[in-house]
Each structure stands twice: as structure tokens, then as C-alpha cells.
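S.K.: Residue numbering for the sequence shown follows our numbering, beginning at 6 and increasing consecutively. First the structure, then my questions, so here it is.
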Amino acid sequence: MGYYHSDINKNEGSASITGGYFYRSQTDPCMFGRYLYADLYAGAMWAGTETPENSGNFTSTKIPFSCGRDSPIQCTSVPGSALPSLGYIFSFGEDNRKDNFILASSGVYRVVRPSRCNYTCSKENVTAVASPSPTSPPSHASQRHGSFSRILVLFSSLLLLLLGVI
């Protein structure tokens, strides 16, 4: 798989393929089983489809991408383009639920349901996912760590006072 460097952003150019992952999540059923990869400069992404299955023969298709309407990360567009301003795409990753992530210089992005980005997928059950996906609550780990540290210092000070060291 690959691409013609001359087909990408004419002003900025292209650099190299940033290797991706086979998409194994059911979040976007139209991408299932396809290999996602991108250009380092984030000007294009492709999906490689193996036909026939297990043959090693892939055809690549340039795929559209954008930020979800309800993205927690501020998503600006590249000037003069509809593409999101991701900066550089450094890597792809996958979590335990098989969701794919994109590590870019502007943040970490997750592949989401097509309908969240105004795309259509005939295999997506839109009625079942009409409500926005739940967002995880903000982490309070750093606050707990700070509280724990203060309690530990207080306890240590009291212990030293009791032992008559101070």
C-alpha cells in the first residue's frame, strides 16, 4: 500500500506514511477490517481493503475525515480547507475495545461513529446511537494525589513531634 506524494497537499507536500492499524471495532462498521494509515503531515488518510480476504492484495482508498461535532478537543480547520488542523500524525493506537486512536501533534483523536461527523455508513444503526456518546467524567486523580501528599506530610510532622525529633 502507498500513495503518490504528488497527490497530497501541493503547498506543504507530503512526508511519509504513518503506519496504522487494522480497524477491528464496531464503532464504525463501514471501516471494519480495513487498514487505516495516514501521511505524517495529516493532509490525507487512507483505508486499505484486502480483496479477497487473507490474500495479501490490498487496494487503498483515500477517506474523508473530520472532527466530531461534540469533540472535547477544540478542532480548527486548516486555512482554506475543510480538513481538521491535526498538525502532524505521529502514530496510531488501539485500546482494549479495539477502538483506533490517532496521535497527532494537536492531541489524541478516536475514530467515532460516522454520524457524529456527518458521514453516512449504510451499516451504522443510527437509531441505536442517536444520543451523544457518554463522556467520561474528569479525572480527580491529581486532586487526590495532592490531598494524599498533604495528609502524609501532616502525619509525618506529627509523628516527628511525638518522637521529639523536632
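Glycine included, every Cβ here is placed at the ideal spot set by N, Cα and C.
1. Quick one: Cα of Y26 to Cα of R74, how far?
2. When DSSP labels each residue in this structure, what does P89 get in the three-state scheme?
3. Three or more C-beta pairs closer than 8 angstroms, one from the segment 32-40 and one from the segment 107-124: is that the case here?
4. What are the uninterrupted segments assigned as beta strand (DSSP E) that are 3 or more residues long and contained completely in the segment 43-129, given in chain order?
5. S86 and S111 - do their beta-carbons sit closer together than 9 angstroms?
6. Can you find the residues in the same chain that come closer than 6 angstroms, C-beta to C-beta, to V83, ignoring five residues on each side of it along the sequence?
7. Drop a sphere of 10 angstroms on the beta-carbon of R102, count the other beta-carbons inside from all chains shown, and report buried for 16 or more, exposed for fewer.
8. Give a yes or no on whether the C-beta atoms belonging to A47 and G98 are separated by under 9 angstroms.
9. Is it buried or exposed for T125, if we count other Cβ within 10 angstroms and need 16 for buried?
M.R.: The short version:
1. Roughly 24 angstroms between the two C-alpha positions.
2. strand
3. With a cut-off of 8 angstroms, the segment 107-124 and the segment 32-40 count as touching, because enough Cβ pairs lie within range.
4. Those beta strand (DSSP E) runs which fall completely within the segment 43-129 and span 3+ residues are 50-55, 63-68, 94-99, 105-109 and 112-115.
5. It is not a contact, given that the beta carbons lie outside the stated cut-off.
6. S90
7. Flag for R102 reads exposed.
8. no
9. exposed
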